[in-house]
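Structure, as structure tokens:
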Amino acid sequence: MSKIAKYVLYDIVRSRFILFYTVFLLVVTFSMYSLDTDPGKSTLSLLNIILLVVPLVSVIFTTTHFFNSYEFIELLLSQPVTRRTIFLAEFFSVASALALSFLIGVAFPMLLLAYSEATLFLILSGLLLTLVFVSLAFLASVITRDKAKGIGMALLFWIYFTLIYDGLILYIVYSFSDYPIEKITLLLSSLNPVDLARIVILLKLDLSALMGYTGAFYKSFFGSNLGIIYSFLFLLVWIGAPLLIALRKFARKDI
Amino acid sequence: MITISDLNKHFGRLEVLHSIHARFEAGQSYAVVGPNGSGKTTLIKSILGMVVPDRGTIEVEGKSIINNSAYRKRIGYMPQIGRYPEQMKIGQIISMIRDLRSDETQIDEDLIREFKLDQLKDKRMHTLSGGTRQKVSASLAFLFNPPILILDEPTAGLDPVAVEILKEKIHSEKSKNKLFLITSHIMSDLDELSSHLVYLEDGKMLFNDAIDTLKKETGEIKLGKAVATIMKRNLKATYE
Amino acid sequence: MKKTWLLGLVVLHSFLSEAKTYVVNPKGQLKSIQTAISLAHDGDTVRVMAGHYREGNYIIKKSIVLLGENLPVLDAENKYEIFTIVANDVSVIGFRMINTGKASINDISAVNAIQTKRLRVANNQMENTFFGIHLANSTASLIENNTFHSDAEAEHLAGNGIHAWKCDSITIRNNTIRGHRDGIYFEFVTHSHVENNYSHHNMRYGLHFMFSHHDSYVKNTFHNNGAGVAVMYTQDVTMIGNRFEDNWGASSYGLLLKDIRDSHIEGNHFLRNTVGVYMEGSSRCRMEKNVFKDNGWAVKIQANCDENSFQRNSFLSNTFDMATNGSLVLNTVDYNYWDNYQGYDLDKDGIGDVPFHPVSLYSMVVEKMPSSIMLWRSFLVYLLDRSEKVVPSITPESLKDNHPVMKNYDYHF
């Protein structure tokens, strides 16, 4: 697998997109910290970038890469290589390229300029979110047949998890506002990787709002070690589950 | 060497292969013939594991191809339209494939040499003509000296010199007790290269026998005419 | 020997006919404070040397000075009240009072003053007392430089640190109060002054008063109390230069103003509270030059408040700057600094050219549906707030700062 990954990575690096992405993240991170004197506020502004841009770039890059690699996959399939190997090599190459960009573009300057426990959580969540959306984008690529549909579906995943899902939560909260639904909203939020990452970071960074009337309840859950472990395990499930489904689909896909 | 039993495949509602049974033996060369869309390429891709059948089994050298990739070491495949990573150079593709299969000992670079691909090794794939791509595909198919060769429209797009080089290569490999599956629309080529005919129509295998038998049966000397006869016979059968 | 000593006392008494001093010493002739008190007359002093005294309850009916040397310990053995003072002009200075009894009916205290004038309680340490100082119907008293610490585990087992009921013109300054029910509790206390006290880690409120008009609170720190500070049903309150810090929790406030009128709140710091200031039914309060920083809600103002003004305050790093439950229009918000302001100042007069709306749509949503706080800082909320800024529909359009200053104030407290 490492041999195949080597060629995939070579191809990714050649395309230069990943370089632009890294530079973009570097510029954004540095400018956030130089614009605001309060590093806490800069970290919060970066949170929005991490929750929006990182998943978006991850899905678009992954799907485009997958469909551009179709010939490569076809070529490999006539060779004595298992589909599993090809698929995992593709996944690890794409995931590690994007993760490396994130580490260089965000983690490195953040640790340099504003090291704190919250920053560590932000970095870890950003990394996991990258992997989650790479995984989801692979799923989108595998279950569609052409590039346009693949990117469309991946974008749908993105907009669903960053926007529509929260809209649905808000609607549920509104519809059942007469009932004690804290536990249900807690559960629902934890089913969305973006919400999960956001809440975990906020509990480390911006406690004040969450300490309000219902916030105390969330805080007692997500703020505890158990809650943090739960959250990160759940994010891992969000990486693993789509990847496994995609792998199974890919194993039976007609090329 | 290859045994196919009860192979079925749908693409959506379209039945592409319908209960195919066949045996392909070593030392023989099979011409796979049929109208466009009759399922030739699907059959070949099924053998290669690129298309996953709905039902039925395929065994290569006595082993099922399900959850098996090692058997592809034994097969050289030349696709109808060779698709390659566009940014890669010819040399990179060949060395990458050799790198992936670095445990192979018998390397056959005859075609690379004869097609003079070494002189083109710094050309990127997207700059190549269809014919040059076919040369790359053919070279890769023969590269590891496999006992089974599956060639999908091998001569299409090749210039006459290249066609002769390839035919020459096929003849010399046939004599080494290898199995060939060749699809083509050029009957004269098949006549020259094949010992057996596999005739597919609408996903059904209507004929699988020695070409000599076919010629005797139809009373034709040329394969093209003989095939045309069975195609007509079939048409009649459908309309009557 | 004993006789000569007593004789000496009598001689001394005849020399200083007005003020005598009785020295109580566990190693001396006079071992009992009780005895000394019974010997003393108005204007006398009882000096108590260091030691551990277990004499139950001292009832002071004379105007005397009780002066502890090197913090003598008065131990009530978890049974008694320590000082019960019913005379005027009493001073209690320099004692360490520990282990009062606890009762749910009587307010057992370290110092309990009933209908006294000019009481002075200074430099004492109260440890494990039910109530620290309890004043009823007392006027012109001074309570200073004392420390109060209680270890009670439940609210009903703890009394208040300094408790005053129906008092007038009292001064409370430089005290430290920790672990009581309320740090300072006033009910019907008027014309009084509370300065430079440190009230922290009390179970309920750091400061709690009701019906206590014309009082002033200056430079106190209220830190990490169970529910912050709550003041109610009062007019003419002056609060200047206080700090309200770290009051966290579901119903916790830096400062809760309920039915407060005609008051002046200036130069205070509200830091890291769930709610900085919560106003309910309050009118004509001037909030000026306060700093609100790192609060969940800097100001929550209920729609039943009117004619209050918020001017020249500084709002920094709060999750929500203001929240309200209705479309209130009757309060003034002007010339504040808001770090969330994104307007511009083309004419360079230091004042933003477009008004600032401190109440965001999302804060209204959270007010109605607390569970939706889960969506804080999500993309959805960002879009909601943005669209509301362009076309206000739900947030009170008239609640706005027409003169948001561009640069933060530098107050030099």
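Protein chains in written order, with the working numbering: chain A, 1 to 255; chain B, 1 to 240; chain C, 1 to 413. We put the CB at the ideal spot given by N, CA and C, even for glycine.
Going by DSSP, A:GLY150 is part of the alpha helix (DSSP H) stretching over 147-159.
Chain B has no Cβ within less than 7 Å of the Cβ of A:PHE176. Apart from sequence neighbours up to five positions away, the residues of its chain that approach C:GLN125 with a beta-carbon distance below 6 Å are ARG96 and THR147, ordered along the chain. DSSP, reduced to helix, strand and coil, places C:VAL86 outside both helices and strands of the structure shown, so it counts as coil. Annotation: Cβ neighbours of A:VAL81 in chain B (cutoff 7 Å, chain order): SER69 and LEU100. Under the three-pair Cβ rule at 8 Å, the segment 379-392 of chain C does not count as touching the segment 176-183 of chain A. Note that the C-beta distance between C:LEU271 and C:GLU245 is below 7 Å. C:LEU255 counts as buried, since at least 16 other C-beta atoms from the protein chains shown sit within 10 angstroms of its C-beta. The beta-carbon separation of C:LEU74 and C:ILE82, rounded to 5 Å, stays under the 8 Å limit for a contact. Per DSSP, B:ILE47 lies in no beta strand (DSSP E); the unbroken alpha helix (DSSP H) holding it starts and ends at 40-48. Taking 8 Å as the upper bound for CB-CB distance, A:GLU71 and A:ILE255 are not in contact here, some 10 Å apart. Chain A has no Cβ within less than 7 Å of the Cβ of C:PHE270. Only residues of its own chain outside the window of five on either side were considered, and among them SER29 and LEU149 have a CB closer than 6 Å to the CB of B:PHE180, listed in chain order. Contact between C:ASN408 and C:SER314 holds: their C-beta atoms lie close to 6 Å from each other, under 8 Å.
Closest in alpha carbon position to B:GLY39, among B:GLY56, B:LEU14 and B:ALA26, is B:LEU14.
Taking the C-beta atoms as reference points, C:MET239 is found nearer than 7 Å to C:TYR217. Here DSSP, grouped into helix, strand and coil, assigns B:ASN145 to coil. For a Cβ distance threshold of 8 Å, residue set TYR70, GLU71, GLU74 and LEU75 of chain A lies close to B:ARG83, ordered along the chain. The shortest C-alpha to C-alpha distance from A:VAL81 to any of B:GLY203, B:GLY49, B:PRO154 and B:GLU164 is the one to B:GLY49. A:ALA197: member of the alpha helix (DSSP H) spanning 193-205, first to last residue. In the same chain as B:ILE97, and ignoring 5 residues on each side of it, the C-beta atoms closer than 8 Å to its own belong to LEU140 and LEU143, in chain order.
DSSP, reduced to helix, strand and coil, places C:SER372 within a helical segment of the structure shown. Between the C-alpha atoms of C:TYR411 and C:GLU266 there is a straight-line separation of about 11 Å. Cβ-Cβ distances below 6 Å link B:HIS126 to GLU86 in the same chain, with the five nearest sequence neighbours on each side left out; the list follows chain order. DSSP places C:ASN112 within a strand segment (E or B) once states are collapsed to three. Assignment of C:GLU144 by DSSP, reduced to helix, strand and coil, places it in the strand class.
The C-beta of A:GLU117 comes no closer than 7 Å to any C-beta of chain C. Residue environment for B:PHE11: exposed (fewer than 16 other C-beta atoms within 10 angstroms of its C-beta). It is roughly 27 Å from the alpha-carbon of B:GLN92 to the alpha-carbon of A:VAL142. Taking C-alpha positions only, A:LEU25 is separated from A:ILE18 by approximately 11 Å. Contact annotation: in the segment 92-107 of chain A, no residue has its CB less than 7 Å from a CB in chain C. Taking 8 Å as the upper bound for CB-CB distance, B:ARG74 and B:PRO147 are in contact here, some 6 Å apart. Taking the C-beta atoms as reference points, C:GLY350 is found no nearer than 7 Å to C:MET279. Contact note: B:LYS73 reaches chain A through GLN79 and PRO80, using a C-beta cutoff of 9 Å and chain order. Scanning B:MET231, B:THR213 and B:THR105 for the CA closest to the CA of B:ASP202 turns up B:MET231. Looking at the DSSP output, B:MET78 shares a beta bridge with B:LEU151.
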